[in-house]
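Chains as they are written, first to last, in this note's numbering: chain A, 1 to 634; chain B, 635 to 1268.
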């Protein structure tokens, strides 16, 4: 086979009808797959001002031509829709086993519109598809639903992407999970899926993908495994995974602590990746066909005081940060239990941890009392409160009904005093990286089209492993100076890496495998792409893909009325000097400098330097003439 | 060897002193070599408003890390300086044998400043260098000088880059030649070299370059030759070379005829590449280590009425167009003789042909008489006039003294009536491609930093061989619609291809070998680069190199006072409908559309859309902070 074309399944849930689209290869060359393809259908399918939780929202699951190739990192999928949390267009990436299985089941994307009159799940297998009743599954936790679907369809190897009870109930940061411990975590797409009465998408198939150059794919599969040999960085990464960030962020004083008021956790010896790995974990989990296997699995048999079901996986770094240090909690059982609540009911732990940290500050400041919280004494550091508030929120019970709205909306209900310390942009919580210590994060949290995201650019220190003094600043990588504040080099690094990361997410591969600093470079990814598709793909086209996706999203958002006025950090970052210890003690983000660099970022992207909106020429350059026309109709 | 670093020889001709610089590898990674490296030293070395013919001008000869690799196309060198013709910064590329020999002699660039008190030539061999007296060579034609230098240095394999008597006398379009028939043709750098009393640079060496991956270089050398197997397009190209443009431009009605008033030559069966190849040529010439061997060699023994020395080579396409059809001349002996005058005295045939076509129109309109022209009856179509006017101009005798100034300055001397039909931009003649038929040429002629140039972008139609419907518009290549006028797609194609062509010229390789549509792709070139340097170079970095060079030049020009006001086509293109036959009969370039697309071109480059000058953010993005600072000091 030479070239690439796939099949896209369109499902109108209101009517229960299907349509199979086979776009021309040129469509794939332009929008590729994953996040970019998903964003395309969302933009094309929605009118300005559409309700994200209305039947009109378009929900897309998508992979790319390389997903399912038996090479480490080629196992992800993107979910896209208009986000109920941010009101913007967005995507959320997930790993696990579901993406490759969708490929083997015969499709590379599913575009869902409408609302089913009753709870259903979608069953796709070997090119066949049907909607099945899910009334009996509604309200059940994710483990029960996965078991039930596999049992009723009679195949234990069926892969189930599903929402949990939180998605059914419209928790605005509800997510989508597969294998119970892999998540399309952010943007609240679980709530979108719930609003459509769609509980799950089960996939299974034996349709093996054909590749332009199968020999090279085989060779890369072999080489890939060899590259992940257990030595050096990847020995540590295999053992410690994402949680290595605890040490890294502690070193730079950027570990969010006590609702973003400190950059170092006071009891720092208690909450480390080493304590976790040594005392609470039992081996590591993996995504499909990956030799890295970086996932955190907690050991079985944790029972006291909170029993934990190990099948729901263990906290990753973001959860440790947001549910642990940012809530000042060092009780591992509590963090792991809160993580289990989030997994079982399917909500984003970053958002939930952010809300709880915020509620704790409200409690300590007397804005909320134990009475408001159903008796919970929500002091910072209370593992008990962490677990109790998690359960309330995911079940949307009691005060949890309000927590389900996310920090920004909850803060608005509580008034200006509370709003003053709500740490969100575009209604979405920050991931666990302190902008005061990582300038690139501060910028991307503000300007990213779907709100604060830690994987929409590279991090200040990450790139050091990529370029060196020889190629500093001449290519798409940028070495940044050893300083905290944003400068031009960091801003350029943010803009350029946002492009390649957007392209990585459009090819639906793993950033821990393919990245400027990763075991496989972006050039290696281009090799995989060419072996799979037979295209004459280059890193130059890859970069334009990333730019295309970002511009498509910004154009959508501009039509919704978004502009630079929403690209701002909350007051806490600019005004509240960091407390506690660490190299950033006493620091704030310099607002004037931030605004200057934000303008530079807009200019680097060829956008209007005042509004931050894409220009006609930039959109036309990227083949998005239609997006420019759409923008004019707001 | 891993990585790359070279040696740059700095020569102060006023003092007769030398300095050898070994820049860090990071310098090469940013400015690479060839045209970009040359432009760098010119910009850094000159103050605003410097006299191009004064001792302060900086004249740079440069190659790159890949020149001298035994692979077809890796044999060129760039000459850079401030141009006395345009007043801008610029480069002129040449092939032949000199570039690789400079590498074997131990250097990758020569930076010349000052003015020698007496005529000299520079002799570089195996890492040694000296200035040698050239008083006895002054005034001699190029063949005599080459012979004399080889004889006095006692080595027949010495490669000599030299000016001719035209350069000595400051003909503003004098050029630099090596092997008597390879030229750094444009921008008048022969006059710059003459103004420095430097007649020649002779090089010879046996220092073999080391490569990061010598096995790959060897394999590419083998493959490269295999790729140029004598079939398909390259069978024709080997036989017909650049002169294939005669048929192509005739087909689209874009062959400049009768001083740009017609797009088809009336006696078209007489001036074709086939007549030339069959009746006037004797095999083809080549550059160093090239399997394509596309150069035009005329046969020995042409004697009547004008005897021709075959060693000076034969007319390429541009000469056929500008000295042949644009002067309405179909007499092959005359065209070949005029070409020999240009070679022997070393002037650019594009400019000289342009001046003669212009003089012929002045003669026909009565602005100039035979008396003014020393008795020459300069009617369009007169082979006799072509030969006589060529001789006068290259020798700067009689009216030739004024012709030596180029069309624009001559027109100014003759007054507004003559200026109305002078076809130049920034004081420089057009190459033989009619903007009325190739929209991309019209745009690049206007906006190119060193004036009209046919190899500073790809041509409408060329690119068809590169992308197809699948990858149309998504990468750096662009398929353009089948229409004459500039549209957005053509403008984007112009902007993008100007970047990759600028990068090709900075790597000093041949566009007939490496190009989007050529036998070797740009991706193949990246492979050569990585094998030579061991860098992890990508096409993305390659494109940024091209952008860096263009921005560097535009910044230099902005400091000189250039802006969009100089980026205009002459009135003839906008106002005089094409006469004669052909598909563009009656057509003009649409001025309003041209101006609109020029603005789009500026915007695509991230420049000020009104002035066309680079912005601070764009320059800083490309690592040219210093150029921005320099721009502020104008």
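Ideal placement from N, C-alpha and C gives every residue a C-beta, glycine not left out. Just so you know, these numbers come straight off a predicted model, no measurement behind them.
- Residue-level contact check: residue 640/B does not touch chain A, since none of the beta carbons of chain A fall below 7 angstroms from its beta carbon.
- Note on geometry: alpha-carbon atoms of residue 633/A and residue 196/A lie some 27 angstroms from one another.
- Close CB contacts of residue 1078/B within its chain, under the 6 angstroms cut and outside five residues either way in sequence, are with 1090, 1091, 1128 (chain order).
- The beta-carbon distance between residue 1139/B and residue 668/B, rounded to whole angstroms, is 6 angstroms. This is short enough to meet the 8 angstroms contact definition.
- The C-beta distance from residue 1141/B to residue 698/B rounds to 5 angstroms, short enough to meet the 8 angstroms contact threshold.
- With a cutoff of 7 angstroms on beta-carbon distance, residue 847/B and residue 1165/B are scored as near each other.
- Around the beta carbon of residue 228/A, a 10 Å sphere encloses 16 or more other beta carbons of the protein chains shown; the residue is thus reported as buried.
- With respect to the 7 angstroms criterion, residue 839/B and residue 739/B are classified as neighbours on the basis of their beta carbons.
- Residues of the stretch 602-614 of chain A with a C-beta atom less than 7 angstroms from some C-beta of chain B are 603, 604, 606, listed in chain order.
- For residue 755/B, the pairing in a beta bridge is given by DSSP as 766/B, 834/B.
- When C-alpha distances from residue 684/B are compared across 660/B, 1034/B, 706/B, 720/B, the shortest belongs to 720/B.
- Only residues of its own chain outside the window of five on either side were considered, and among them 940, 968, 971, 972, 975 have a CB closer than 8 angstroms to the CB of residue 1021/B, listed in chain order.
- Its chain contains 548, 551, 552, 555 as the residues whose beta carbon lies nearer than 7 angstroms to that of residue 624/A, once the 5 sequence neighbours on both sides are disregarded; these appear in chain order.
- Within chain A, no C-beta atom comes nearer than 9 angstroms to that of residue 853/B; the closest sits roughly 18 angstroms away.
- Around the beta carbon of residue 1008/B, fewer than 16 other beta carbons lie within 10 angstroms, which makes this residue exposed.
- Within 10 angstroms of the beta-carbon of residue 1237/B lie 16 or more other beta-carbons, which makes it buried.
- Put simply, the backbone Cα of residue 514/A is about 6 angstroms away from that of residue 525/A.
- Counting along the chain, no alpha helix (DSSP H) covers residue 110/A; the unbroken beta strand (DSSP E) around it starts and ends at 109-113.
- Rounded to the nearest whole angstrom, the CA to CA distance from residue 734/B to residue 727/B is 14 angstroms.
- Take residue 753/B, set aside five residues on each side of it, and the residues of its chain with a beta-carbon closer than 6 angstroms to its own are 768, 769, 772, 831, 833, in chain order.
- Of all residues in the stretch 529-548 of chain A, only 535, 536, 537, 538, 539, 540, 541, 542, 543, 544, 545, 548 place a beta-carbon less than 9 angstroms from a beta-carbon of chain B.
- Per DSSP, reduced to three states, the secondary structure at residue 1016/B is coil, with no helix or strand assignment.
- Listed along the chain, the chain A residues whose CB falls inside 9 angstroms of the CB of residue 1110/B are 538, 540, 541, 544.
- Close to residue 600/A, with beta-carbon spacing below 7 angstroms, are these residues of chain B in chain order: 1251.
- Residues of the stretch 485-498 of chain A with a C-beta less than 7 angstroms from any C-beta of chain B: 488, 492, listed in chain order.
- Nearest to residue 439/A by C-alpha distance, out of 15/A, 240/A, 485/A, is 485/A.
- Listed along the chain, the chain A residues whose CB falls inside 7 angstroms of the CB of residue 660/B are 469, 470, 472.
- Any Cβ of chain A closer than 7 angstroms to the Cβ of residue 1188/B would place that residue at the interface, and such an atom is absent.
- Taking C-beta atoms as the reference points, residue 540/A and residue 613/A fail to come closer than 7 angstroms.
- Burial state of residue 663/B is buried, judged by a 10 Å Cβ sphere holding 16 or more other Cβ atoms.
- Between the C-alpha atoms of residue 302/A and residue 309/A there is a straight-line separation of about 8 angstroms.
- Apart from the 5 residues on each side of it in sequence, residue 691/B sits with its Cβ closer than 6 angstroms to the Cβ of 715, 716, 826 in its chain, given in chain order.
- Closer than 7 angstroms to the CB of residue 621/A there is at least one CB belonging to chain B.
- In this structure, residue 694/B places its C-beta atom within 7 angstroms of the C-beta atom of residue 745/B.
- Residue contact with chain A for residue 1025/B: absent (no Cβ-Cβ distance below 7 angstroms to any residue of chain A).
- When Cβ pairs closer than 8 angstroms are counted between the two stretches, the stretch 251-271 of chain A is seen to touch the stretch 578-592 of chain A, the count reaching three or more.
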